[in-house]
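In what follows, a single structure is set out as structure tokens and then discussed.
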Amino acid sequence: YYDEVLSFIRDAESILIFGPGEAKLELRKRLEHMRLHGHIVGFETVDKMTDNQVVAKVRQRFLK
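Pasting the structure below:
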């Protein structure tokens with residue numbers, strides 16, 4: 016699972032990680048191992064979100 020996610024985001028300039036639970040911690044750990052942790056622009060624990068809430072959060076962070 017993580018390898019697939021990383022294959023999509025490995026070339027991203029900015030990475031925003033958020034969500035409930037522990038999966039985001041493992042993703043951050045793997046990004047650090049790949050020396051991509053400098054691309055992480057946000058890391059936040061949030062409750063379950065609707066698709067619209069996810070879109071709003073991403074827009075809020077990147078369309079400043």
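To convert, take the position in the sequence shown, counting from 1, and add 15; that gives my numbering.
We put the CB at the ideal spot given by N, CA and C, even for glycine.
Remember, it's a predicted structure, so these values are computed and weren't measured experimentally.
A contact is defined here as three or more CB-CB pairs under 8 Å, and the region 60-76 fails this definition with respect to the region 40-51. DSSP, read as helix, strand or coil, puts E37 in coil.
Non-local beta-carbon contacts of V20 in its own chain, meaning distances under 8 Å to residues more than five positions away in sequence, involve L42 in chain order.
The region 42-54 makes no contact with the region 70-78: fewer than 3 CB pairs, one atom from each, lie closer than 8 Å.
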